[in-house]
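Numbering (the numbering used here), first residue to last: 1 to 258.
Quick look at the structure:
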């Protein structure tokens with residue numbers, strides 16, 4: 001059995017069930033339940049981006065307030081279970097994350113993996129499904145993430161990544177808006193893309209259900225302070241506002257709603 005209340009495993013922010021979007025943050029927390037003894041990691045690793053997406057939860061909450069939209073946030077470190085990965089993925093419970101070896105994930109038995117799926121992944125998935133089931137309209141699925149400015153010693157120029165899988169309608173509209181305004185370095189499918197296995201939530205809850213969807217990645221050096229998080233959330237909101245207008249006027253929108 002899990003050793004914390006389900007409210008700690010996943011959080012659901014209220015919002016209007018008639019809102020145009022549903023926000024999801026799979027890597028909102030670096031919390032590791034006590035029974036895992038920090039997975040054998042030191043403080044540096046536990047505070048770093050390998051354990052969570054710094055700033056992503058703050059941006060998610062700000063966007064939820066801006067759009068009066070519901071939001072689902074994981075309360076568990078992605079090192080315990082990465083809620084943006086299916087149970088079959090090797091990096092759902094990674095033994096290695098960048099330069100960090102994760103001792104507490106080494107040589108997990110099938111039973112241990114199954115328990116983590118039941119304790120952490122499934123409640124998160126159930127929460128998303130429940131909120132979708134309560135929604136009055138077909139919302140656009142928007143997932144929020146952050147990424148490190150440097151990866152394996154290589155600096156990343158992109159500041160905001162707009163990611164998509166096979167459904168690019170919302171991403172296209174957001175990128176069009178970003179191209180017109182040029183306030184940030186915004187790029188398609190950077191620093192990751194579908195080929196990197198990062199679109200699980202988009203596919204599982206978005207594409208599978210016929211919902212428009214997009215994944216937003218923000219470079220985490222732009223999310224160091226509350227003011228930075230607010231500034232970025234406002235810029236993302238502008239892109240989303242434009243995408244919502246494009247989507248509502250598109251034949252694809254009418255087909256999905258029907």
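All C-beta atoms in this analysis are idealised placements derived from N, C-alpha and C, irrespective of residue type, glycine included.
Item: Rounded to whole angstroms, what is the Cα-Cα separation between residue 58 and residue 233?; Value: 9 Å
Item: Where in the region 112-177 do unbroken runs of the alpha helix (DSSP H), each at least 4 residues long, occur, reported from the N-terminal end onward?; Value: 122-134
Item: Among the candidates 13, 88, 20, 8, whose CA atom is the shortest distance from the CA of residue 241?; Value: 20
Item: If you scan the region 2-80 from start to end, which runs of the alpha helix (DSSP H) of 4 or more residues do you find wholly inside it?; Value: 6-9, 43-47, 56-67
Item: What number of angstroms, rounded off, separates the C-alpha of residue 26 from the C-alpha of residue 227?; Value: 23 Å
Item: Secondary structure at residue 244, three-state DSSP: helix, strand or coil?; Value: helix
Item: Using 8 Å for Cβ pairs, my map puts residue 77 next to residue 32. What's the rounded Cβ distance?; Value: 5 Å
Item: Which residue comes first and which comes last in the beta strand (DSSP E) that contains residue 195?; Value: Per DSSP, residue 195 belongs to no beta strand (DSSP E) and is neither H nor E.
Item: Quick check on the DSSP output: what are the complete beta strand (DSSP E) runs of length 3 or more inside the region 78-103, in order along the chain?; Value: none
Item: Output yes or no for whether 7 Å exceeds the beta carbon distance between residue 141 and residue 71.; Value: no
Item: Quick one: residues in its chain with C-beta nearer than 6 Å to the C-beta of residue 244, no 5 flanking neighbours on either side, listed in chain order?; Value: 20
Item: For residue 238, name the three-state secondary structure that DSSP assigns.; Value: helix
Item: Would you kindly work out how many angstroms separate the C-alpha atoms of residue 239 and residue 109, rounded to a whole number?; Value: 44 Å
Item: Output the distance between the C-alpha atoms of residue 259 and residue 29, rounded to the nearest integer angstrom.; Value: Outside the displayed range of the chain (1 to 258) lies residue 259, so it cannot be described from this structure.
Item: Please say whether residue 40 and residue 103 have beta carbons closer to each other than 7 Å?; Value: yes
Item: Round the Cβ separation of residue 136 and residue 64 to the nearest angstrom and send it over; I've been treating them as touching at under 8 Å.; Value: That pair is no contact at about 17 Å.
Item: Assess contact between the region 168-175 and the region 200-214, defined as three or more Cβ pairs (one per stretch) separated by less than 8 Å. Is contact present?; Value: yes
Item: Tell me, which residues are paired with residue 208 by DSSP?; Value: Answer is none; residue 208 lacks a bridge partner.
Item: Taking the alpha-carbon positions, what's the residue 3 to residue 229 distance?; Value: In this predicted model, residue 3 has a pLDDT of only 35, less than 50, meaning its place in the structure is not dependable enough to derive any value.
Item: Buried or exposed for residue 189, going by 16 or more other Cβ atoms inside 10 Å?; Value: buried
Item: How would you label residue 23, buried or exposed, when you count the other beta carbons within 10 angstroms and need 16 or more for buried?; Value: buried
Item: Leaving aside the five residues before and after residue 165 along the sequence, list all residues of the same chain whose C-beta is less than 7 Å from its C-beta, in chain order.; Value: 194, 199, 202, 203, 207
Item: Once the 5 residues before and after residue 53 are set aside, which same chain residues still bring their CB inside 6 Å of it?; Value: 27, 145, 146
Item: Which residues in the same chain have their Cβ closer than 7 Å to the Cβ of residue 258, if we skip the five residues on either side of it in sequence?; Value: Bear in mind that a pLDDT of 39 at residue 258, under 50, signals an unreliable position, so the number given afterwards is only what the model happens to contain. Excluding positions up to five away in sequence, the list is empty.
Item: Indicate the three-state DSSP secondary structure (helix, strand or coil) for residue 105 in the structure shown.; Value: helix
Item: By the DSSP assignment, the beta strand (DSSP E) with residue 213 in it spans what residues?; Value: 213-219
Item: Might you give, ordered along the chain, the residues of its own chain that have their beta carbon closer than 7 Å to the beta carbon of residue 148, omitting 5 neighbours on each side?; Value: 49, 220
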